[in-house]
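Worksheet: one structure, shown below.
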Amino acid sequence: MFYSALAYGSWGLVAFYFKAVAAADLFEVLCHRVIWSVLLLTVMIHFRGQWGEARELIRDPGTWRLLGPSTVLIAINWTLFIYAVVTDRLVDASLGYFINPLVSIVLGMVFLGERLRPRQWVAVALAALGVVVYTWTVGSLPWISLVLAFSFGLYGLVRKQARAGPIIGLAFETALLAPAGVVYLIVMNATGVRPVAFLDRTGAGSPALDLLLVAAGVVTTFPLLWFAGAARRLRLSTIGFMQYTSPTLQFLIAVFVFGEPFDSARAVSFAVIWAGVAVFLTDSLHNRYVTRERATRAVFTD
Numbered sequence: 002m003f004y005s006a007l008a009y010g011s012w013g014l015v016a017f018y019f020k021a022v023a024a025a026d027l028f029e030v031l032c033h034r035v036i037w038s039v040l041l042l043t044v045m046i047h048f049r050g051q052w053g054e055a056r057e058l059i060r061d062p063g064t065w066r067l068l069g070p071s072t073v074l075i076a077i078n079w080t081l082f083i084y085a086v087v088t089d090r091l092v093d094a095s096l097g098y099f100i101n102p103l104v105s106i107v108l109g110m111v112f113l114g115e116r117l118r119p120r121q122w123v124a125v126a127l128a129a130l131g132v133v134v135y136t137w138t139v140g141s142l143p144w145i146s147l148v149l150a151f152s153f154g155l156y157g158l159v160r161k162q163a164r165a166g167p168i169i170g171l172a173f174e175t176a177l178l179a180p181a182g183v184v185y186l187i188v189m190n191a192t193g194v195r196p197v198a199f200l201d202r203t204g205a206g207s208p209a210l211d212l213l214l215v216a217a218g219v220v221t222t223f224p225l226l227w228f229a230g231a232a233r234r235l236r237l238s239t240i241g242f243m244q245y246t247s248p249t250l251q252f253l254i255a256v257f258v259f260g261e262p263f264d265s266a267r268a269v270s271f272a273v274i275w276a277g278v279a280v281f282l283t284d285s286l287h288n289r290y291v292t293r294e295r296a297t298r299a300v301f302t303d
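Okay, here's the thing in structure tokens:
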């Protein structure tokens, strides 16, 4: 539980980091996140003794067919979340991560043939109704919420088909993005748009900002490492409950720390979606109880 709390707590609090580097260009932040992440992930792979697994995956054509699309999806998700934070739309981002698990079960039904239980249908219907209510009352489609929810849902769907674990998989994805990131940063420095402090002789660079940007790798990889530790120790159902820690923290930070607007129109739509989340969690609890009871009866019957 400790590792799970660290992982989801970090993902919930990461908005503070992106606010701190808001002076940098959106894509500059993304590039630093990619470059420093791939370096740290490579170190992790080395110390975890996973080079054999990594080489095996590199030789598998199926890995590239799946991790190519997943790279695009995670790049979209990361970029949009950073955009949401720096443009004071973290409330919308949190909404996206509240509905993401519901989007995921719909994607499982559509692409994997998974059957939804009655309560899951109710939860999905309430989430859809919440989006309609938001669009009607606020006057605009919550596009940030929807793109975040579907990009991460599709990312999870694709990664479920790949044999790569979370650390090796993300190392592959960031490695694919890194060359473009390096080129982007070189061009920005060469043209003087945002010079790197230790390479700049004019004094226009910001050493403090550069150090914060280097920390993007830590912000990305350490929560992933903690999540991997939690996944080995906890039931999937427990992790499913813990995942709501992140959007809850994001929502509280957005409203009570960043002072983002949360009027009655948004409150109504959030209430409907939270009702859907409550139904979803209730169904998960019930299904877990039923499964455990059946297993217990089977043991005694045998």
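Quick note, the sequence shown lines up with residues 2 to 303 if you use my numbering. Think of the CB as a built atom: it goes at the ideal place given N, C-alpha and C, for glycine as much as any other residue. Predicted, not measured: the structure shown is a model, and the values here were computed from it.
Alpha-carbon spacing of residue i relative to residue j, whole angstroms
i    : j    : result
V44  : L226 : 12 Å
N78  : S152 : 6 Å
T203 : T192 : Reliability of the predicted coordinates at T203 is poor, the pLDDT of 45 falling under 50, and the value obtained from them is presented with this limitation in mind. Distance between the alpha carbons of T203 and T192 is about 13 Å.
L213 : R60  : 36 Å
V15  : I36  : 18 Å
R66  : A163 : 9 Å
A25  : L81  : 15 Å
L113 : M189 : 43 Å
W144 : V111 : 22 Å
L31  : N288 : 40 Å
A172 : W12  : 18 Å
L250 : G10  : 8 Å
R130 : F242 : A small fix is needed here, since residue 130 is Leu in this sequence, not Arg. Going from the Cα of L130 to the Cα of F242 covers about 22 Å.
I169 : P70  : 16 Å
G53  : V183 : 27 Å
L74  : R49  : 27 Å
F281 : A176 : 36 Å
L158 : A128 : 19 Å
A272 : T221 : 31 Å
R120 : A55  : 40 Å
Three-state class that DSSP yields for residue i in the structure shown
i    : result
V258 : coil
G204 : At G204, the pLDDT of 47 sits below 50, so the modelled position is not reliable and the matter cannot be decided from this model.
Q162 : helix
L210 : helix
Q51  : coil
R116 : coil
I169 : helix
T192 : coil
G140 : coil
A229 : helix
G131 : helix
F242 : helix
F1   : Limits of the chain in this structure are 2 at one end and 303 at the other, which puts residue 1 out of reach.
A216 : coil
A24  : coil
M45  : helix
Where the alpha helix (DSSP H) through residue i begins and ends
i   : result
Y9  : 3 to 21
D93 : 91 to 113
L67 : 62 to 87
Contact with chain C by residue i, beta-carbon distance below 8 Å
i   : result
V30 : The question asks about chain C, but that chain is absent: this structure has only one protein chain.
Burial state of residue i (16 or more Cβ within 10 Å)
i    : result
H33  : buried
L186 : buried
R160 : buried
P224 : buried
R267 : buried
V133 : exposed
R154 : In the sequence as displayed, the identity of residue 154 is Gly instead of Arg. Per the 10 Å Cβ criterion, buried.
L286 : exposed
D264 : exposed
R90  : buried
T64  : buried
E57  : exposed
L142 : exposed
T283 : exposed
V258 : exposed
E29  : buried
F17  : exposed
Cβ-Cβ distance between residue i and residue j below 8 Å
i    : j    : result
S5   : A231 : yes
P180 : F228 : no
S95  : P248 : yes
I254 : F99  : no
A150 : V104 : yes
V107 : V123 : no
T72  : E174 : yes
V86  : L210 : no
V92  : E261 : yes
V219 : L27  : no
P19  : I83  : It should be pointed out that residue 19 corresponds to Phe in this sequence rather than to Pro. For F19 and I83, yes; Cβs fall inside 8 Å.
V269 : Y245 : no
A165 : L7   : no
Residue i CB to nearest heavy atom of the ligand SAH below 7 Å
i    : result
G114 : Here there are no bound small molecules, and the ligand SAH is not part of this structure.
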